[in-house]
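Chains as they are written, first to last, in full-length UniProt numbering: chain A, 1 to 186; chain B, 1 to 170.
Yeah, the Cβ is synthetic: ideal placement off N, Cα and C, and Gly gets one too.
Structure representation (structure tokens):
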């Protein structure tokens, strides 16, 4: 108490004063180290006080969305890159008149380079498809003609009886025993 | 606007945009907007296209329109000749597609003419209107209600009905 200045004690006294708060009467204020228990200095983190938020699990939702994005982009990004590269660096074909005496290949009738590539390497030409269909029709026509002819021939053979079909096998006539009626007195 | 990039092979008809005749000192808002559109959209897109064309200019592929030979019609096929039927059917289908495109082209011309002329289209586009009405009537009478499963045979039967109706009327 002797070494302490009057100003310091006055400042300490004034700092602890709060006329609106309870407990500000004489016995509490006289001591030099009055411990305030209603206010405490708290140190929080940078984002404020950490709260424990109770909400339903988002684990399955986020897992699903992550997997969806992954599997879509796994082929989506290469396809997008390839298509963009083809469109920028190769580019679509230009329309031109067919030169004299020149027979264009079947892929040269398409505009986009990817379509041309697909028809060149994987598909048959439309002319070949046309011929394939015509071959099928020809086979079916022949089958229909054959069936009609067969029906006609069958009808005739059945009616006339002098063809190779509809022959009924009978016993050999040499096996017949004529002794029963071979003489008039039997 | 055609979808083909090369206009030398199949050229479009010449443009008929009217000449501007300005009689006032006020700025034209339509002009301002077109300039704005030009600098913000048209110019970047055109420069990008020219860039890309520069990259692609070396090895430009060509594509052609296929020319098909004419084969005998359905009326010229003997009965039971299914191969002839097939070829006639394919030719009819190609002609059907071509006729649809013809109608679309005529329609596009009428639409462009109406857009050009504005309020006085009925008077100034009389040619296009008449051409379109003729083409539409012809298309309707030939291919009109054949439906999704149209075939050359059904079209032939429709023609027969038309001829019978014409005979009955005459």
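Mind listing the chain A neighbours of residue 60 (chain B)? Cutoff is C-beta to C-beta under 8 Å, in chain order.
91, 93, 94
With distance defined between alpha-carbon atoms, name the residue in B:158, B:131, B:155 nearest to residue 113 (chain B).
Taking residue 113 (chain B) as reference, the option from B:158, B:131, B:155 with the minimal CA-CA separation is B:131.
How about residue 106 (chain A) and residue 125 (chain A): do their beta carbons lie closer than 8 Å?
yes
Pairwise C-alpha distance: residue 93 (chain A) and residue 63 (chain B)
6 Å
When burial is assigned at 16 or more other CB atoms within 10 Å of the CB, is residue 2 (chain B) buried or exposed?
Below a pLDDT of 50, predicted positions are generally treated as unreliable, and residue 2 (chain B), at 47, falls in that range; no measurement from the model is reported.
Note down, in chain order, each residue of its chain lying with its Cβ closer than 7 Å to the Cβ of residue 168 (chain A), except the 5 sequence neighbours on either side.
none
Can you tell me which of the three DSSP states residue 45 (chain A) falls into?
It is a strand residue.
Could you please give the first and the last residue of the uninterrupted alpha helix (DSSP H) stretch that includes residue 183 (chain A)?
Taken as a continuous stretch (DSSP letters only), residue 183 (chain A) belongs to no alpha helix (DSSP H), as it is neither H nor E.
Sort B:66, B:106, B:90 by Cα distance to residue 99 (chain A) and report the nearest one.
B:66
Separation of residue 128 (chain A) from residue 135 (chain A), as counted between CA atoms
For residue 135 (chain A) and residue 128 (chain A), the gap between their C-alpha atoms comes out near 10 Å.
Under 9 Å Cβ-Cβ, which residues of chain A neighbour residue 52 (chain B)?
Chain A residues near residue 52 (chain B): 87, 88, 89, 91.
For residue 100 (chain B), tell me which candidate among B:83, B:142, B:69 has the shortest Cα-Cα distance.
B:142
Among B:168, B:163, B:108, B:129, nearest to residue 12 (chain B) - alpha-carbon criterion
B:108
Drop a sphere of 10 angstroms on the beta-carbon of residue 91 (chain A), count the other beta-carbons inside from all chains shown, and report buried for 16 or more, exposed for fewer.
buried
Could you spell out the range, first to last residue, of the alpha helix (DSSP H) harbouring residue 117 (chain A)?
113-121 is the extent of the alpha helix (DSSP H) around residue 117 (chain A).
Considering only the beta carbon of each residue, do residue 89 (chain B) and residue 151 (chain B) sit closer than 8 Å?
Judged by their CB atoms, residue 89 (chain B) and residue 151 (chain B) are nearer to each other than the 8 Å cut-off.
Contact set for residue 116 (chain B): own chain, Cβ-Cβ below 7 Å, skip 5 residues either direction:
16
Tell me whether residue 60 (chain B) sits in a helix, a strand or coil according to DSSP, three-state version.
coil
Contact check, residue 55 (chain B) vs residue 88 (chain A), beta carbons under 8 Å
yes
As a quick exercise: from B:70, B:81, B:92, pick the residue whose alpha carbon is nearest that of residue 142 (chain A).
Closest in alpha carbon position to residue 142 (chain A), among B:70, B:81, B:92, is B:81.
Listed by chain order, chain B residues near residue 108 (chain A) by CB distance under 9 Å
61, 62, 63, 64
Compute the distance between the beta-carbons of residue 165 (chain A) and residue 154 (chain A), then report whether it is under 8 Å.
yes
Taking DSSP as the reference, what is the three-state secondary structure of residue 103 (chain A)?
coil
Can you give me the Cβ contacts of residue 94 (chain B) inside the same chain, cut-off strictly under 7 Å, excluding the 5 residues immediately before and after it?
68
Run through DSSP, which three-state label would residue 1 (chain B) get?
In this prediction, residue 1 (chain B) scores a pLDDT of 43, lower than 50, which makes its location untrustworthy; no coordinate-derived value is stated.
Boundaries (first-last residue) of the alpha helix (DSSP H) holding residue 148 (chain A):
126-160
When the Cα atoms are used, what is the spatial distance from residue 24 (chain B) to residue 30 (chain B)?
14 Å
Please state whether the Cβ-Cβ distance between residue 113 (chain A) and residue 61 (chain B) is less than 8 Å.
yes
Around the C-beta of residue 92 (chain B), are 16 or more other C-beta atoms found within 10 angstroms, so that it is buried, or is it exposed?
buried
When you compare only the Cα positions, how much space is there between residue 73 (chain A) and residue 81 (chain A)?
11 Å
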